[in-house]
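Numbering (the working numbering), first residue to last: 8 to 325.
Heads up, the beta-carbon is just placed ideally off N, CA and C, and yes, glycines get one too.
Every value quoted in this text rests on a predicted model; they were computed, and no experiment measured them.
One structure is given below, encoded as structure tokens.
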Ligand code: TXA
Ligand code: MG
């Protein structure tokens, strides 16, 4: 997708595939998405089949504008303030669906709510505007695996299932969108992501709560073991074995040189840079087949999303 003409050809091919119920890999500013027409049940079934995703886990629906989002869901004042502040961008809102919005039930797993976002990536925006129908798009990885931040990651996980991969290079944010839901009118954080908690709280002027723990999983996709590389991962490393790979953060300590291989998320300790490198580091190191040790990352700003993904990658496999 180097020049404008190439990009146009790619978008036209994608539109043809989407219109016939097929799947397209679409770059977003967070991670690559596996997109299908959200109004076509057969197309949505194709997403679940290609990813090996359990059907109880609903998808995020992508639209080009706030207006289009309002066609699909009911926005109260709080939701609208967040949309105005952060869209287009890496925020997903879970809202009550409007009746008769045309979205396939399978896309929302039959829930009365719908997860919606307006992505900021120019290629995603061009595709959404040109196709003119909402696109359901989970991350374009096999279910449970590490999310893709390059077209090569997508091809490695799902290449066979895809007619079109729109390659726009590495993604700018590197972790998925922040998901915000609402309980009794108050915003709750369902998944930390590309928009930091503090930024949301600044817009709302109140703390963002945690979902009530009533035995259900608030965001059905947030299973403990997720984002899992195929090798074990341990957290808070303060030493490393000679048989281990290391995910580093900040200046390398002397002990780090014992590692088989090192991926430093950010030599300067920059969390935004670390987020862009996280999923590539996990994929690179899993390919070596050695267990991975990860150094601690500060739990502020994007660090909350990075730590969430590392914790899930380290969780025992189900
Ligand atoms: O950055 C992103 O959000 C990327 C790009 C492609 O947009 N997409 C993404 O989708 O991360 P996925 O499917 O990997 O994660 C979607 C999450 C899942 O945890 C799912 O359970 C949750 O959103 N979700 C979807 N609909 C929901 C709903 N109605 N209520 C609660 N959670 C919902
Ligand atoms: Mg995912």
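Between the CA atoms of residue j and residue i - distance to the nearest angstrom
{"i": "residue 317", "j": "residue 242", "result": "8 Å"}
{"i": "residue 222", "j": "residue 295", "result": "Because residue 222 carries a pLDDT of 44, less than 50, the predicted location of this residue cannot be relied on, and the following value inherits that uncertainty. Between residue 222 and residue 295, the C-alpha separation is close to 38 Å."}
{"i": "residue 50", "j": "residue 240", "result": "35 Å"}
{"i": "residue 7", "j": "residue 258", "result": "Residue 7 lies beyond the residue range present for the chain, which begins at 8 and ends at 325; the question has no answer from this structure."}
{"i": "residue 278", "j": "residue 309", "result": "6 Å"}
{"i": "residue 84", "j": "residue 72", "result": "17 Å"}
{"i": "residue 185", "j": "residue 37", "result": "10 Å"}
{"i": "residue 182", "j": "residue 198", "result": "11 Å"}
{"i": "residue 283", "j": "residue 93", "result": "19 Å"}
{"i": "residue 35", "j": "residue 128", "result": "5 Å"}
{"i": "residue 58", "j": "residue 173", "result": "18 Å"}
{"i": "residue 29", "j": "residue 101", "result": "26 Å"}
{"i": "residue 286", "j": "residue 297", "result": "16 Å"}
{"i": "residue 261", "j": "residue 276", "result": "17 Å"}
{"i": "residue 290", "j": "residue 133", "result": "29 Å"}
{"i": "residue 274", "j": "residue 209", "result": "29 Å"}
{"i": "residue 106", "j": "residue 219", "result": "26 Å"}
{"i": "residue 46", "j": "residue 305", "result": "41 Å"}
{"i": "residue 52", "j": "residue 245", "result": "45 Å"}
Whole-angstrom C-beta distance between residue j and residue i, which should lie under 8 Å
{"i": "residue 152", "j": "residue 235", "result": "7 Å"}
{"i": "residue 14", "j": "residue 130", "result": "7 Å"}
{"i": "residue 3", "j": "residue 147", "result": "Nothing about residue 3 can be reported from this structure: the residues present for the chain run from 8 to 325 only."}
{"i": "residue 140", "j": "residue 78", "result": "That belief does not hold up - the Cβ atoms of residue 140 and residue 78 are roughly 11 Å apart, past 8 Å."}
{"i": "residue 268", "j": "residue 292", "result": "6 Å"}
{"i": "residue 66", "j": "residue 137", "result": "Actually they do not touch by this definition, with Cβ atoms about 21 Å apart."}
{"i": "residue 145", "j": "residue 39", "result": "Incorrect: roughly 10 Å between the Cβ atoms, too far for contact."}
{"i": "residue 266", "j": "residue 238", "result": "Contact flag wrong, Cβ pair sits at about 14 Å."}
{"i": "residue 251", "j": "residue 207", "result": "Not really, about 36 Å apart at Cβ, beyond 8 Å."}
Buried/exposed call for residue i, threshold 16 Cβ in 10 Å
{"i": "residue 264", "result": "exposed"}
{"i": "residue 161", "result": "buried"}
{"i": "residue 63", "result": "exposed"}
{"i": "residue 125", "result": "buried"}
{"i": "residue 214", "result": "exposed"}
{"i": "residue 99", "result": "buried"}
{"i": "residue 311", "result": "buried"}
DSSP bridge partner residues for residue i (one or two, in chain order)
{"i": "residue 103", "result": "120"}
{"i": "residue 187", "result": "100 and 196"}
{"i": "residue 270", "result": "254"}
{"i": "residue 142", "result": "44 and 69"}
Cβ-heavy atom distance, residue i to the ligand MG, below 7 Å
{"i": "residue 34", "result": "no"}
{"i": "residue 145", "result": "yes"}
{"i": "residue 287", "result": "no"}
{"i": "residue 273", "result": "no"}
{"i": "residue 154", "result": "yes"}
beta-carbon residue i near the ligand TXA non-hydrogen atom, thresh 7 Å
{"i": "residue 75", "result": "no"}
{"i": "residue 202", "result": "no"}
{"i": "residue 81", "result": "no"}
{"i": "residue 190", "result": "no"}
{"i": "residue 69", "result": "yes"}
{"i": "residue 108", "result": "no"}
{"i": "residue 198", "result": "yes"}
{"i": "residue 122", "result": "yes"}
{"i": "residue 40", "result": "yes"}
{"i": "residue 65", "result": "yes"}
{"i": "residue 184", "result": "yes"}
{"i": "residue 99", "result": "yes"}
{"i": "residue 178", "result": "no"}
8 Å Cβ cutoff, residue i in contact with chain D
{"i": "residue 85", "result": "In the structure shown, chain D does not exist; there is a single protein chain."}
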